[in-house]
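K.L.:
Dumping the structure here so I can ask a few things about it.
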Amino acid sequence: MSGRIPERPQFNAEETYQRKGSPFMGTSPIANLSSQAQATVAHPASLKPQSTSTQPGFGTGFRPSNPQNVRPISPSNRPTMSPQNQPGIPPMRPGPGMRPVRPGKPVIHMPNQPPHSRPQGSPRVLSPVSQNQQQYPQKQNFYPPHQGQQQQHPVSGYSAMTDPNPGYAPHQQNYSQPQQPPYNVGSPNASSTNVDSQNFSNIPQHGSKRRQYPAQAASVYSENIISSAPKPGNKKNLPKHTGEIKNITNDYNSAPFGIAGADLFVPGEYNPSIPAIPKNTTTSTGYPEITRQGSTGLQRYPSVQNYNETYPATQYGQQEAPVTNAVAPVDSMATQFGSMSFGSGNPNYQVNVLAGHPQIQELEAPPPPITLPAGIPCCPSETHLLPPIHKRSTLNAIPKTDKLLKKSKLPFGILLTPYFEQEGIPPPPTVNEIVRCRRCRSYINPYVTFIEGGRRWKCNLCELANDVPMFFDYDSIAQTTKNRWERAELLNSVVEFVAPADYMVRPPMPPVYFFIIDVSYPSIQLGLPEVIGNTILEILDKLPNDEGRTKVGFITVDSSLHFYSIRPEGSEPQMIVVADFDSVFIPSPTDLLVNLSECKEGIKSLLAKLGQMFSKSHVVGNAVGPALMAAQKILTPTGGKIILLQSSTPTIGEAALTPREETKILGTPQESDALKPQHNWYKNFAADCSRFQIAVDTIFFGHQPMDIQTIVCLSRYTGGSMFYYPTFMSTREPEVRKFKEEITKHLSARVGLEAVIRVRASRGLRLAAYYGHFFLRSLDLLALPFVTPNHSYAIDVEIEESLTGAVAYFQTALLHTACNGERRIRVSTLAIPTTENIHTIFHHADQVAIAALLAKKAVDRALVSKLQDARDAIKYKCLEIMSAFKTECTQSSSGAVTQIKVPRNLQLLPLLTLSILKHTSLRPGNTISFGNRIAAMASITVLSPEILITPCLVPRLYGLQLGADFESSILPVFPSAESLSYQGVFLLYDGHNIFLWLGRDANPELVHSLLGVDVNRSVPSGVISLPVLTSEEDGPNSPHILNKYVNQLVTALGIQTRGLWSPITYICKENGEPLLKTWMHQRLVLDRDPSLPSYQEFIGESRDKINRGSF
Amino acid sequence: MSYTSLVYILALIISAVLLFGAVYFVIMLTDLECDYINPIDLANSLNTYVMPEFILFSVMLLMFLFVGQWFTFVLNLPLFLWNVSKISSNRQFYDATEVFRTLPRHKRENFTKVGFFLLSFFYYLYCMIVTLINEPADTLISS
C-alpha cells in the first residue's frame, strides 16, 4: 500500500500554459491519468511536437516526476471492475421502480454516499445521477456511472481529506471518468480508454485514510461526482490537469458540446486545423489578422464566435484553485503553484495595447470562467452556474485579503439584473417550500453541503449546520419517499420561491398605473395630448392584467388639476377641475382610480378625446407638484406607478422650479452644480412614494428647459425609469413611433411589484455601496415599488476580513409580487472561487463588468460631486490598474517600457475607459444640454452591463456592401472615421439612433439596393424611416437585397438590446449637413474629439504616465 | 448674583439639553444602522430638531458675548462657524435618500458633539462655581 504523496513536480510557468492549453488536456481528462509514456502513446496525433520534446511535464502538470509513485500497480489492492465501470457500457442505474421503500420511514437519498459516512441503520442511499439522467435524458452520456464507482474507487475520499483544496493534489489527475464522453469519440484519445480505466482502478490505496474525516464525508462524496463528471456545458473548460477541478464557462451563447480535441486553441501555437474560422487567418499569437476585404476596402474585424474559438482566456489559469489549509506536502506544492509566475513572460496571455486596433469583438466574449473547486456544488447539474446576465462580478477570482485586492487596484463589485426576463428564456423554476439558514437567513441553494449523512445542511454563506426538513425526502401527502436531488433549488442557481403569508404585510397589490399628463401650452404645441392619448389607448390591452385587477387613473395638469371620474356603467367620464393648491384634496374618493377591465369603455372614450379636449388650450403654467401629491394620495392605499409625462417646467404650487440658465454654464465648472437638484422637494417626495409602494416614471418631451435634473429624482429614488425625447413633435413620424414603441414595451413588461432586494455575501465581504434606481430602506435593503426587468444594480464590495473559504458566495433575494398577484422570492446565487495569487485575479477580471461598474460609479460621483472629478477618477483607475499589472505581474516591474502589457481579458479596458469619457453623460464640452446629459446618466445607471457596453458605450459600425449573403454584405468594422471610405455606405448603431453614412462617391447600386433610390443626391440628409423594400425577385438576386439584410440587422440589434429602444434612422451624407456629421462622429469612440484624445493618443499618454509612475 | 454667574447657570442647563439632544441623535443613527427605524422616519424626526438645536446653541453663544466671557466664547466659536457653514450650503438636514451614504460622517459628527457638550457642561459648572465664589459678598446678600 503505497499511499505516498508524490514529489512536487518541477516545471515552470511556460509549462503550465502548455499544459493548460493543450488540446487533449482540454477535451480528454483521460489523458491526465495516463502517465507520460501512456499519454504519448495514446494521443500521438494530438501532441504537439515541442510539447512532448521540450516539456517533460506536459499534460501531467500535477503528476509526480516518477509515475510509479502515483500508481503502484499491485493487483491485490486493485478492486474488481464491475461491468458498470467498463467504458462504453452504460451503467445500471436504479430507477424509481427499483427503489425499495420502507414504509413509514423516510428514505434519504444522497448521491454516492461513502460507506463510512453512513451510520449504522441509516437510510439507503441512491444516486442523484439517475435522477439527473431523467431530467436531462439527451445528455445522459455525459454523466459517468457514479453508482458503484464510489465503492470501487474510494480515492476521492482520500484526496478531499488530505487536501481540502483538491485542485492541488498531485494525484488527483489520476482519476477521471471511466466512461468516454461522446465528444472524444473519433479522436485519438478514444484509444486510451482501456488504459485509463485500468489506471483508474488502480488507485484505491488511499482509501483507508478516509475514516479520519467523517464530517466531511458528504462533501467528499460529492467531489467524487464532480471529479468524474465532465459537464456538457464545458466547451472550453473540460476538466484538465486535475480530474477534480470543474471548469465551466459562463458562456451562455456557445454551443454546449461537440468540440473535438484538435479544435481547441493551443496558446502560443498556430493551429492550422481550426475549422471554425475559415475566413480569418490566425496569427501565431492566436490573434486573427485583420484582412482587407472587398473593393470598398472595409476593414473588418473577425466575428465574435470565430474569435471565441481561439480565445484562450477561458483556458488558462484554471489550476489556480484556492490555496488554503492544505496539508503539508500538498501545501508545499500548492505554494509552488501559487508562486508560479502566472502569465509573466508569456506574451500570449498579455496583450500589448499599443499594438494595432483594439479587439472590439472581445466585448461580446463571455466573462472569464468561474472555476469552482471540486465538490461544489453539492449536486452536479448544468444549471447551477449563474448566467452572467443575472449577476456578474468584476472579478471571477476573488482575492482572499483586502491587501491583495488593494494591490491589484481592480475594482471589486457585482452587477445584478435581478428581475431579468426575456422572451425565449424560460422563467426560473418555482419552488413551494422555503428553506433558509437559521442564522444568516440565506436561502438553500446548489452550493450548500449536506453533512451528517444528509440529515443536516451546512449553509454556504455562514457555515451554520441546519436541519434538513422532512419534506426533502418524504412526501407526507402521498406517503412516498422523494429524491431530494430532484429539488429545483438544489439544481438551479436561480429559483423562485412562492412566499407564504409571512412575507406579506398586506394582500398583494394589483398593478396600478396612474398617468399625469402635462396639457399646458408647450405640450399642446408639441401635439402631445393626442399622441399620448392614442399611445395609452393602444397600451391598455397590453398592460399586465392577469386577474382583471389592474387599475388605471388619469390627471391632466396645466395651471389647474383635472381629475377624471370614470364609472363602470359606461357613461362618459367626468372632468373635475381643481385649482386650489393650498391643501390638495381628492374630489372624488372612489372613481378616480378605476379597474381597467370594468371601465375600459369609459377609459377609451376619455383617451380618444384627450387630444381634442385641449387643442384650443393656451394655459401657461404647470402644477406638477400638486398633481403628484394628489396622485400620491389616490395611490396610497394600493401603491402603484405614476407615469409623469412632462414637457414644461413646473411653475405653480409647492414643487415649483425656476428654470436655470443653461447655455452660459454648459462646459464650465458650474455645470456640475447645475446638474444637482434645485431643491429637495422631489427627493423627499420620492422617498415618501417609496414608502407607499409608489414608483414614478418620468417621461420628458421637447427641448425647452424643464429642470429635468430635479424632476428625475422622482425616478431615481423610486425604482422608476426615465425617458427623454428632446426632438419630439407630433408631426415627426419617426419620433412619435420611437416614443410609442418604447413606452409600449416599457409599460407592457411584466413587472414585479412592492419589491425589496437584499444581497447577502459570504462572511468577510461587505456590500459597501449600491448604485441604481432604488430607495435604500436600510443598510442592505433596496426598496423597489416596481421592479423593471431590464434594470440593473451595481454593488461595491469590500473585503472586511480575510476570506477563509475556497469559494465566496453572493446571494440575491428579490421579494416581489408578480403581476399575477403571487408573492414570490427570486433567489440567485453566485459562487466565485477565492485566490491568493494576484495573477489569477488579473486573469479572471471581467472587463465588461469593470467598465460598467466604473461607469455607474462615475455617474454617481458626477451627480454628488463634480463632473471633472468623475472623469479624473475613471481615468486614474484605468491607469492604476494597468500600472498595477505592470508592477505585479510583468517582468518589467519598474522602469520605463515601450509597451503596455495588460492581461488579455482586460485588453479593452483603455478603450472602455475612453468610451465612458466620451459618452454623453461625462463628455466634456458645451454642446450637451442638461436634459441629454441627465438622460444619458440615467441610462448608465440602470442598464445592465451587456447592453451598456455595446452599443451604448461602444457603438457598432457596419460597412455595407453587395455581397452574396448576409455575412458578406454587412461587415462589422472598427468605430473610427478611418473605417469610413468615401465610396462606401456604413451603418452606425448606438442604441437610440441608426446613422446611415453615405460616402460622397457611394456606389449608386449600393444605395439603390439599400434605399430604393437611384441617385445619391436625391437622398435627403436627416431623419428617415428605414424603408422595407420588396421586389418581385426574392433571394440573393433581389435588387433590394441590401435593404432586406439591413432590416434583418436592425431587428437583430433590437433583440440584442432587448427591444429597449426603437432607434431613429438618420441619413448622414459625407458632404451633407455638418451638424449631423459631427453628431455621428462623436460616437466613433476611437477618434479624436475636440477635448478628448483618440484611442492611440490615449494609449500613448497612458504609457507615458505609467512610465513616469505619476498619474 | 452677577449676570456672569447667571449666564453660566443658563449655559449649564442649555449644554445639558444639547448633550441630551446629541445623545438622542446618536441613538437614532445607531437605530437606523441596526434597521430599527427606516430612513424616512429618521429624517423626519431628526430634522425637526436640527434648527432648534442650532438656535439654542447660538443663544448661548450670544449670552457669553454679552457678559464678555471671551474665552468661553472663543471655545464655542468653531462649532458655531461649522454650523453656519453647513446651513449656508444647505446641508444641515438629514436626507432620507442619502442618509446611508453619509451615515458614518453623521455618526462621527454627533459623537464629537456629545463629547464637546459633555466637556463644556463640566467647564460651565466649574466657571459657575468660580464666578459665584469670587463674587463680592454684598451682591450675594442683595440677591
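Sequences listed follow chains A and B, in order. Mind the numbering: the first sequence is residues 31 to 1141 in the working numbering, read in order. Mind the numbering: the second sequence is residues 155 to 297 in the working numbering, read in order. In this text, a Cβ means the ideal position worked out from N, Cα and C, and glycines have one as well. Just so it is clear, the structure is predicted and the values come from calculations on it, not from any experiment.
In the DSSP assignment, the alpha helix (DSSP H) including Thr790(A) goes from what residue to what residue?
P.N.:
Taking the first residue of the first sequence as 1, we reach residue 790(A) at position 760. The sequence given here places Arg at residue 790(A); Thr does not occur at that position. Taken as a continuous stretch (DSSP letters only), Arg790(A) belongs to no alpha helix (DSSP H), being part of the beta strand (DSSP E) at 782 to 791.
K.L.:
Drop a sphere of 10 angstroms on the beta-carbon of Ile862(A), count the other beta-carbons inside from all chains shown, and report buried for 16 or more, exposed for fewer.
P.N.:
Walking along the first sequence from the start, residue 862(A) turns up at place 832. Ile862(A) comes out buried.
K.L.:
Can you find a C-beta in chain A that's less than 8 Å from the C-beta of Phe179(B)?
P.N.:
Translated into the one-based positions of the second sequence, residue 179(B) becomes position 25. No - not a single Cβ of chain A is within 8 Å of the one on Phe179(B).
K.L.:
Can you give me the C-alpha to C-alpha distance between Ile729(A) and Asn201(B), rounded to a whole angstrom?
P.N.:
Here residue 729(A) refers to the residue found at position 699 when the first sequence is read from its first residue. Here residue 201(B) refers to the residue found at position 47 when the second sequence is read from its first residue. Those two C-alpha atoms are separated by around 32 Å.
K.L.:
Asn714(A): buried (16+ other C-beta within 10 angstroms of its C-beta) or exposed?
P.N.:
Taking the first sequence and counting its residues from 1, the one referred to as residue 714(A) is at position 684. By the 10 Å Cβ count, Asn714(A) comes out buried.
K.L.:
Looking at the C-beta of Asn158(B), does it have a partner C-beta in chain A at a distance below 8 Å?
P.N.:
As a first step, residue 158(B) must be located in the second sequence, where it is residue number 4. Note that residue 158(B) corresponds to Thr in the displayed sequence, not to Asn. Closer than 8 Å: no.
K.L.:
Strictly by DSSP, which residues pair up with Asn1023(A)?
P.N.:
Here the question's residue 1023(A) lines up with position 993 in the first sequence. Per DSSP, Ile1094(A).
K.L.:
Can you tell me which of Cys467(A), Pro457(A), Thr1087(A), Ile390(A) puts its alpha carbon nearest to the alpha carbon of Ala848(A)?
P.N.:
Taking the first sequence and counting its residues from 1, one reaches residue 848(A) at position 818. Residue Pro457(A) is the option with its Cα nearest to Ala848(A).
K.L.:
Bridge partners for Asp1117(A) per DSSP, in chain order?
P.N.:
Within the first sequence, numbered from 1, the residue matching residue 1117(A) stands at position 1087. DSSP output for Asp1117(A) lists no bridge partner at all.
K.L.:
Return the first residue and the last residue of the alpha helix (DSSP H) that Phe960(A) is part of.
P.N.:
Position 930 of the first sequence, counted from the start, is the residue given in the question as residue 960(A). That run of the alpha helix (DSSP H) goes 960 to 972.
K.L.:
Do you know offhand how far Ile616(A)'s Cα is from Glu828(A)'s?
P.N.:
As a position in the first sequence, residue 616(A) is number 586, starting the count at 1. As a position in the first sequence, residue 828(A) is number 798, starting the count at 1. Straight-line Cα distance between these residues: approximately 48 Å.
K.L.:
Could you tell me the alpha carbon to alpha carbon distance between Ser112(A) and Glu412(A), rounded to whole angstroms?
P.N.:
Position 82 of the first sequence, counted from the first residue, corresponds to residue 112(A). Position 382 of the first sequence, counted from the first residue, corresponds to residue 412(A). Residue placement at Ser112(A) cannot be trusted, given a pLDDT of 38 that sits under 50; what the coordinates show is reported in the next sentence. Rounded to whole angstroms, Ser112(A) to Glu412(A) spans 28 Å at the Cα level.
K.L.:
At which residues does the beta strand (DSSP E) containing His846(A) begin and terminate?
P.N.:
Indexing the first sequence from 1 puts residue 846(A) at position 816. His846(A) -> beta strand (DSSP E) spans 837 to 847.
K.L.:
Just how far apart, CA to CA, sit Ser523(A) and Gly578(A)?
P.N.:
On the first sequence, residue 523(A) is found 493 positions in, with the first residue counted as 1. On the first sequence, residue 578(A) is found 548 positions in, with the first residue counted as 1. If you take the alpha carbons of Ser523(A) and Gly578(A), they lie about 33 Å apart.
K.L.:
What ranges does the beta strand (DSSP E) occupy inside the segment 434 to 485 of chain A, keeping only unbroken runs of at least 3 residues that lie completely in it?
P.N.:
Listed in chain order, the complete beta strand (DSSP E) runs (minimum 3 residues) inside the segment 434 to 485 of chain A are 443 to 446, 479 to 481.
K.L.:
Give every residue of the same chain whose Cβ lies closer than 7 Å to the Cβ of Phe996(A), excluding the five residues on either side of it in the sequence, and list them in chain order.
P.N.:
Residue 996(A) sits at position 966 when you count from the first residue of the first sequence. So the qualifying residues of the chain are Tyr1075, Gln1078.
K.L.:
Tell me where the beta strand (DSSP E) around Met605(A) begins and ends.
P.N.:
In the first sequence, the residue the question calls residue 605(A) occupies position 575. Segment 604 to 608, the beta strand (DSSP E) holding Met605(A).
K.L.:
Buried or exposed for Val228(B), going by 16 or more other Cβ atoms inside 10 Å?
P.N.:
Position 74 of the second sequence, counted from the first residue, corresponds to residue 228(B). So Val228(B) ends up on the exposed side.
K.L.:
List, in order along the chain, the chain B residues whose C-beta lies closer than 8 Å to that of Asn710(A)?
P.N.:
To locate residue 710(A), count along the first sequence from 1; it is residue 680. Those within 8 Å of Asn710(A) in chain B are Phe247, Asp249.
K.L.:
Do you know whose CA, among Thr740(A), Leu675(A), Ala824(A), lies nearest Tyr800(A)'s CA?
P.N.:
As a working mapping, residue 800(A) is identified with position 770 in the first sequence. Measuring from the Cα of Tyr800(A), the nearest candidate turns out to be Ala824(A).
K.L.:
Using C-beta distances below 6 Å, list every residue in its chain close to Ser274(B), excluding the 5 sequence neighbours before and after it, in chain order.
P.N.:
The residue given as residue 274(B) occupies position 120 in the second sequence. Same-chain partners within the cutoff: Ser169.
K.L.:
Can you give me the start and stop residues for the alpha helix (DSSP H) that Gln877(A) sits inside?
P.N.:
Here the question's residue 877(A) lines up with position 847 in the first sequence. 877 to 894 is the extent of the alpha helix (DSSP H) around Gln877(A).
K.L.:
Whose Cβ in chain B lies nearer than 9 Å to the Cβ of Tyr747(A)?
P.N.:
As a working note, residue 747(A) is residue 717 in the first sequence. In chain order: Ala250, Thr251.
K.L.:
Assuming the contact rule is C-beta atoms closer than 8 Å, Phe804(A) and Leu797(A) should be a hit. Round their C-beta distance to whole Å, please.
P.N.:
Taking the first residue of the first sequence as position 1, residue 804(A) is located at position 774. Taking the first residue of the first sequence as position 1, residue 797(A) is located at position 767. Actually they are not in contact, since the Cβ atoms of Phe804(A) and Leu797(A) sit about 13 Å apart, beyond 8 Å.
K.L.:
Tell me where the beta strand (DSSP E) around Asn382(A) begins and ends.
P.N.:
Locating residue 382(A) in the first sequence gives position 352, counting from the first residue. Counting along the chain, the beta strand (DSSP E) containing Asn382(A) begins and ends at 380 to 382.
K.L.:
Is there contact between the segment 609 to 626 of chain A and the segment 585 to 596 of chain A, where contact requires at least three CB pairs shorter than 8 Å?
P.N.:
Output reads yes: the segment 585 to 596 of chain A touches the segment 609 to 626 of chain A.
K.L.:
What did DSSP end up calling Tyr277(B) once you bin it into helix, strand or coil?
P.N.:
The residue labelled residue 277(B) in the question sits at position 123 within the second sequence. Here Tyr277(B) sits in helix by DSSP.
K.L.:
Would DSSP call Met759(A) helix, strand or coil?
P.N.:
Mapped onto the first sequence, residue 759(A) falls at position 729. It is coil, neither helix nor strand.
K.L.:
Could you say which of Arg1088(A), Ile672(A), Tyr1096(A), Arg1118(A) lies nearest to Gly454(A) if we only look at CA atoms?
P.N.:
Position 424 of the first sequence, counted from the first residue, corresponds to residue 454(A). Checked all of Arg1088(A), Ile672(A), Tyr1096(A), Arg1118(A); the closest Cα to Gly454(A) is Arg1088(A).
K.L.:
Grab the span of the alpha helix (DSSP H) containing Asp899(A) for me, first residue to last.
P.N.:
Here residue 899(A) refers to the residue found at position 869 of the first sequence. It spans 897 to 919 - the alpha helix (DSSP H) in which Asp899(A) sits, taken as one unbroken run.
K.L.:
By DSSP, does Ser1048(A) sit in helix, in strand, or in coil?
P.N.:
The residue labelled residue 1048(A) in the question sits at position 1018 within the first sequence. Helix.
K.L.:
From the beta carbon of Asn264(B), is the nearest beta carbon of chain A less than 8 Å away?
P.N.:
Translated into positions along the second sequence, residue 264(B) becomes position 110. Not an interface residue.
K.L.:
Can we count Pro398(A) as close to the ligand FMN, meaning its CB is less than 7 Å from some heavy atom?
P.N.:
Of the ligands one can find in the structure shown there are none, so the ligand FMN has no counterpart to examine.
K.L.:
Going by DSSP, which residues form a beta bridge with Gln676(A)?
P.N.:
Here the question's residue 676(A) lines up with position 646 in the first sequence. Per DSSP, Phe730(A).
K.L.:
Which first and last residues belong to the beta strand (DSSP E) in which Ser423(A) is found?
P.N.:
Against the first sequence, residue 423(A) aligns to sequence position 393. Where Ser423(A) is concerned, the enclosing beta strand (DSSP E) stretches over 421 to 423.
K.L.:
Does the separation of the CB atoms of Ile1(A) and Ser423(A) fall below 8 Å?
P.N.:
For chain A, the structure presents residues 31 to 1141; residue 1(A) sits outside this window and is missing.
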